[in-house]
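See structure below.
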Amino acid sequence: MVFRGSPKSSRKSIRFVDELRQEVAAIFEKDCKQTPYRCIPKGEKRVLDAPRLRNDYYSNIMSWGMNNILAVALGPELYLWNSEDQAVHKLLQVRGGNDWPTSVTWSEDARTLAVGYMCSNLQLWDVESSKLIRSLQGHSGRIASTAWNGHILTSGSRDKSIINHDVRAANSLASCIKRHADEVCGLKWSTEGNRLASGGNENLLYIWEASKMSSSKFLHRLSDHCAAVKALAWCPYQNNVLASGGGLSDGCIKIWNTEKGICINNIETKAQICGLEWNRHHKEILSGHGYSIRENQNKLCLWRYPSMTKVGELGNHKSRIINLCQSPDGITVISAGADETLRFWDVFGPPTAGAGNSMVSDLQGLLSFRTSLLR
1 MVFRGSPKSS
11 RKSIRFVDEL
21 RQEVAAIFEK
31 DCKQTPYRCI
41 PKGEKRVLDA
51 PRLRNDYYSN
61 IMSWGMNNIL
71 AVALGPELYL
81 WNSEDQAVHK
91 LLQVRGGNDW
101 PTSVTWSEDA
111 RTLAVGYMCS
121 NLQLWDVESS
131 KLIRSLQGHS
141 GRIASTAWNG
151 HILTSGSRDK
161 SIINHDVRAA
171 NSLASCIKRH
181 ADEVCGLKWS
191 TEGNRLASGG
201 NENLLYIWEA
211 SKMSSSKFLH
221 RLSDHCAAVK
231 ALAWCPYQNN
241 VLASGGGLSD
251 GCIKIWNTEK
261 GICINNIETK
271 AQICGLEWNR
281 HHKEILSGHG
291 YSIRENQNKL
301 CLWRYPSMTK
311 VGELGNHKSR
321 IINLCQSPDG
331 ITVISAGADE
341 TLRFWDVFGP
351 PTAGAGNSMV
361 SDLQGLLSFR
371 TSLLR
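When we follow full-length UniProt numbering, the leftmost residue of the sequence shown carries the number 1, and every step to the right adds one.
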């Protein structure tokens, strides 16, 4: 069957697609041309000595709370550093040589600090009074990852389990999930709190829905990485987008659509990825690196999103980066290195008037405009 007018409509459709492709290509070309002109600091804003900071890829020993206080574990001790007056306070010290903090995470309101330990203990501390509130049970191995979601504290352990603790309840254990085949070394709740990402030492990444975690039913099981998945970061401006980073044998940053469970971008950094932080003011993501046999060893690399073109790199660490964390205002990133230093980088900078004119905004505006024409 042949419909009258079909060839004419077809030509219009093809012309429209060609024009759209040309404009999208132009946006990507503009993005690439602008990349070298991004102002990146030449060095650190500040360097703090961090004696006895453990050279442990799996640990997550640093967290910057909304109260502007940095919590960092140095060997058996945990310190609080006030970024406003630079005052330092030792919160706790573990006696004996067989135990030490392996994960540190502020609650969202910065009233409570969760501390996981090598010997499987999990504690909640009231920092204002410097008092231990309670200990939470359930794990039988070190707790290297913790993440808050309101009153729920999620912990991941070497015992391969994920536990959700309701810190309001006397019996805090809300659910226990055993899907990972090795240590759970990465945990991150989405900004909206409806999804959890968990990374394991068996190279797997799981996406969980908060409403279904009690049944241990996952939304997606993603097996694209070739090494441990520790570095996880949810995109602050696209709720369903997650970035994950692989260990030494992988070295890839993968960008995921967690709604569909597909990888939408993949960048080979050729180095162990120990941390990821999104820039909340511009469409960028920062990666912190450890060991490498080729390039980017011990460096911080800045990538433009969504093209994932490399904007630049920073690096003064003498040994691998262990952790990254971001200031409450989203301007400064701290890198904790195995060289026993904490380095402060004003790499993200304050928001600018032109921040909304990024490539993502251009693409979204273009697609929105074209869609309205079709209607």
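Just so it is clear, CB atoms sit at the ideal spot from N, CA and C, and this is done for glycine as well.
Does the distance from the CB of residue i to the CB of residue j come in under 9 Å?
i	j	result
residue 153	residue 105	yes
residue 115	residue 73	yes
residue 322	residue 274	yes
residue 180	residue 200	yes
residue 325	residue 70	yes
residue 172	residue 134	yes
residue 65	residue 107	yes
residue 345	residue 41	yes
residue 320	residue 57	yes
residue 184	residue 203	no
residue 296	residue 318	no
residue 43	residue 242	no
Take residue i as the anchor and find which of the options has the nearest alpha-carbon.
i	options	result
residue 147	163, 57 and 246	163
residue 288	231, 177, 198 and 139	231
residue 338	266, 348, 329 and 316	316
residue 166	96, 50 and 151	151
residue 84	329, 351 and 350	329
residue 223	252, 210 and 211	252
residue 234	202, 347, 195 and 109	195
residue 332	254, 227 and 277	277
residue 86	101, 78, 97 and 68	68
residue 82	351, 327, 292 and 349	327
residue 217	313, 178, 227 and 336	178
residue 213	174, 250, 285 and 310	174
residue 280	124, 207, 113 and 349	349
residue 284	269, 266, 267 and 311	311
residue 266	239, 309, 341 and 123	309
residue 239	197, 182 and 351	197
By Cβ distance, which residues of its chain are closer than 6 Å to residue i, with the 5 residues on each side in sequence left out?
i	result
residue 141	120, 157, 158 and 159
residue 149	189 and 193
residue 261	220
residue 95	none
residue 237	none
residue 109	none
residue 264	255 and 257
residue 205	199, 222, 229 and 244
residue 215	none
residue 24	At residue 24, the pLDDT of 43 sits below 50, so the modelled position is not reliable and the matter cannot be decided from this model.
residue 351	281
residue 11	Per-residue confidence for residue 11 stands at a pLDDT of 47, beneath the threshold of 50, marking its modelled position as unreliable; no derived number is given.
residue 342	48, 50, 334 and 336
Let's test the definition: count the other Cβ atoms within 10 Å of the Cβ of residue i and tell me whether it reaches 16, buried, or not, exposed.
i	result
residue 225	buried
residue 301	buried
residue 47	exposed
residue 169	exposed
residue 52	exposed
residue 49	exposed
residue 290	buried
residue 155	buried
residue 259	exposed
residue 250	buried
residue 88	exposed
residue 31	Annotation note: pLDDT 49 at residue 31 (below 50); position unreliable, coordinate value reported separately. Buried: at least 16 other Cβ atoms inside 10 Å.
Please list, in chain order, all residues of the same chain as residue i whose beta carbon is under 8 Å from its beta carbon, the five residues on each side excluded.
i	result
residue 99	76, 117, 118, 119 and 121
residue 211	194
residue 45	332, 344, 345 and 346
residue 268	251 and 252
residue 55	319, 320, 322 and 338
Enumerate in chain order the residues of its own chain whose CB-to-CB distance from residue i is below 7 Å, with the five nearest sequence positions on each side excluded.
i	result
residue 176	138, 161 and 163
residue 21	Summary for residue 21: the model assigns pLDDT 46, below 50, so the residue's position carries little reliability; its value from the coordinates is reported in the next sentence. Hits under 7 Å: none found.
residue 90	77 and 79
residue 227	203, 246, 247, 248, 249 and 250
residue 123	115, 132 and 135
residue 33	Residue confidence for residue 33 is low, a pLDDT of 49 falling below 50, so the modelled location carries little weight; the figure read from the coordinates is stated next. Counting only Cβ-Cβ distances below 7 Å, and skipping sequence neighbours, we find nothing.
residue 182	160, 200, 201 and 202
residue 209	194, 195 and 219
Is residue i near the ligand MG - that is, is its Cβ less than 8 Å away from at least one heavy atom of it?
i	result
residue 87	Summarising the ligand content, the structure contains no ligands, and the ligand MG is consequently not present.
(request) Count the C-beta pairs between the region 58 to 75 and the region 294 to 310 that are closer than 8 Å, then say yes if the count reaches three, no if not. (result) No, they do not touch.
(request) Take every Cβ of the region 123 to 135, pair it with every Cβ of the region 174 to 189, and state whether three or more of those distances are shorter than 8 Å. (result) No, the region 123 to 135 is not in contact with the region 174 to 189.
(message) Any contact between the region 268 to 287 and the region 236 to 250? By contact I mean 3 or more CB pairs, one from each, below 8 Å.
(response) A contact exists between the region 268 to 287 and the region 236 to 250.
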